[in-house]
Structure formats: structure tokens, C-alpha cells
Amino acid sequence: MGTNYQLQSDDLKDFFYMFGIFSTCIMSFLSILITLKNRRNTLRESLYKEQLIFSNSLINEFYKLHSILTRLNHNQKIELSELMLQVETIFGIIFSHSHIGSNRILSETSITLDRVNNIIDNLKREESITLNYEKYVNNYQKLISTIREELGFFS
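Per the working numbering, residue -6 is the first one in the sequence shown, and the count goes up by one each step.
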């Protein structure tokens, strides 16, 4: 009772068609997976670039603020409106980029700006700013360290 099956040319042709269809489906599926992965990587790179721009803007504006406060600490005459305008500029940067900033950076920025507000209060009451300036400098250094750490920069 042995059956002897011979492969005919029509069967061979159907086999190759089926093999072609399956291999095309597998290659298409792999191509879609690779495309989706590359798309995610592109989005990740774009987000990181935006975070770098945000951090750069924040550091630049804090440098200007730090310069103003250092001059104040050295008893140079500074207009209070200049200081307050710089604080408002930093708040503007924070609010416009809060969706991409890390919680640690935003938290350290908030604490540092609270120290600056204490200095402004001291100036309005015509009191010494030395103690609050020292606290501000400590928070400013923590902020810079946090930004460097969050973005993967090392000294």
C-alpha cells in the first residue's frame, strides 16, 4: 500500500508561489518593525535636542542673574527692576519648556529662584543680602550639577 507521489511542475510552481508570498510577508513585517523602531529613536533624539536647548537657555539666563547678584553682593548699585526682569525671564523659560524639563531640574530651579526672591525681599527692606546670597550660591551650584547630571554631562 505504498503511495508514490511524484512532484509535478504545477505543484512545484505553487510551492514557489507560496514560498514567495510567505517570505514577502515576513520581510514586510520585519521592515515595519525596523521603521517603527527608527521612528522612536528619531523622536527620542529630537526630544533630547529640545532638552539641550532648554537647559542651555536656562543656564544662560541664570548666568546673567548670577552676574547681577554677584555685583549686588559686592555692593555695586543695581536697579531692582533689572533683577526682577531677569527673574521673570527665567520664569518664562521654565513655563515655556516645563513639558520637556525633568522634575529634578524644575525643582532645583524653583528652589534657587526662591532664594533669589528672598534676596529681593531683603533689598526692598534695605537689609543685608549676604546670608541669602550664600544660600543662593549653594542652590545655584546644585542646579548646575543637576542639569549636568540629568543630561549626562560629566566634569
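Note that the Cβ used here is the ideal one computed from N, Cα and C, for glycine as well.
Three-state secondary structure assigned by DSSP to residue i
i    : result
F146 : coil
Beta-carbon separation (whole angstroms), residue i vs residue j, contact threshold 8 Å
i    : j    : result
L116 : L62  : About 10 Å separates the two Cβ atoms, so there is no contact after all.
I19  : L58  : About 59 Å; that fails the 8 Å criterion.
I137 : S48  : With a Cβ gap of about 10 Å, I137 and S48 do not count as contacting.
L51  : I122 : At roughly 23 Å, the Cβ-Cβ gap does not stay under 8 Å, so L51 and I122 are not in contact.
I112 : Y126 : 6 Å
N132 : R108 : 5 Å
E87  : L76  : Reading off the sequence shown, one finds Ile at residue 87, where the question assumed Glu. About 17 Å separates the two Cβ atoms, so there is no contact after all.
Q79  : E54  : 7 Å
Worksheet item: At what residue ranges does the region 56 to 132 contain a whole run of the alpha helix (DSSP H), taking only runs of 4 or more?
Response: Listed in chain order, they are 73 to 90 and 96 to 117.
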